[in-house]
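Structure, rendered in structure tokens:
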């Protein structure tokens, strides 16, 4: 490991629970997380994300 980020583990039961969750709930969760991250991301990061979405990088 390079010392960046953080390690984490996911149990098999957690994965199975996620697999049983309806697609609509997964998408709603994803939208909520995206709004949260976007709301707290530094402006520099938002610019990078926008460039990535446009296909510039």
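Residue numbers (this note's numbering): 223 to 279.
Backbone N, C-alpha and C define an ideal beta-carbon position, used for all residues, glycine too.
| Item | Value |
| --- | --- |
| Is residue 268 closer than 9 Å to residue 260 when the C-beta atoms are compared? | yes |
| At what residues does the alpha helix (DSSP H) containing residue 262 begin and finish? | 245-262 |
| Please report the straight-line C-alpha distance between residue 244 and residue 231, rounded to a whole angstrom. | 23 Å |
| Going by DSSP in three states, residue 272 sits in which element: helix, strand or coil? | helix |
| Identify whether residue 239 lies in helix, strand or coil by the three-state DSSP scheme. | helix |
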